[in-house]
């Protein structure tokens, strides 16, 4: 399995009336994006760290970083290591004070929040990008109209139509719509 380095490309509200968000990871040397649905608390934790906002009291992820720092443990990298039943799994790869490595199972959203705090790289295995990634072929293409991926708008469409809609959504960097279309394509392939 090959590890592919990713970076955070976007963080967006998933649906206007839900507490879900989508963090979009982009491969550093390629065109694939990996949309990951996360909760509101985790989205806030990621956004606060990206913006370098210092809350008056430490958030859970800040506390975890402080504990690891005090114990002499460094977070070396985050690896999105598995995808089962449309759920991403992540591993925190830590180096202990004695130089040995320690792998810790983590939710992907928490792992990303910690990666931002430790300024460590985020990786995903290639098979995960092959299965759940979406390809952006030409980011500078002219933006066309993208039908919003509402239930009635994507259900019943052909695979070819959905792939065209997906490409347009990605060109416009409309990752919320792209994730919904990707899910419908997976359902059809299912």
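In our numbering, the protein residues as written are 169 to 358.
Positions of the beta carbon are idealized from the N, C-alpha and C atoms, including for glycine.
Among the residues of its own chain, which have a CB less than 8 Å from the CB of residue i, if the five just before and after it don't count?
i           : result
residue 170 : 293, 294
residue 189 : 179, 180, 181, 182, 205, 206, 207, 208, 210, 211
Checking 8 Å against the spacing of the C-beta atoms, do residue i and residue j come in under that value?
i           : j           : result
residue 214 : residue 191 : yes
residue 194 : residue 181 : no
residue 352 : residue 338 : no
residue 283 : residue 246 : yes
residue 259 : residue 249 : yes
Could you check if residue i is buried or exposed, using at least 16 other CB atoms within 10 Å of its CB as the buried criterion?
i           : result
residue 264 : exposed
residue 236 : buried
residue 240 : exposed
residue 218 : exposed
residue 350 : buried
residue 278 : buried
Quick check on the DSSP output: the alpha helix (DSSP H) that includes residue i runs from which residue to which?
i           : result
residue 214 : 208-218
residue 290 : Looking at the DSSP string, residue 290 is not in any alpha helix (DSSP H); the run it does join, the beta strand (DSSP E), is 290-293.
I'd like the list of long-range same chain contacts for residue i, defined as Cβ closer than 6 Å, with 5 residues on each side in sequence excluded.
i           : result
residue 233 : 285
residue 290 : 174, 246, 283
Starting from residue i, follow its DSSP beta bridges and name the residues at the other end.
i           : result
residue 242 : 263
residue 203 : 192
residue 278 : Bridge partners of residue 278: none, in fact.
With respect to the beta strand (DSSP E) encompassing residue i, which residues constitute its N-terminal and C-terminal limits?
i           : result
residue 174 : 171-181
By Cβ distance below 7 Å, which residues in the same chain neighbour residue i in space, the five residues on each side in sequence not counted?
i           : result
residue 327 : 353, 356
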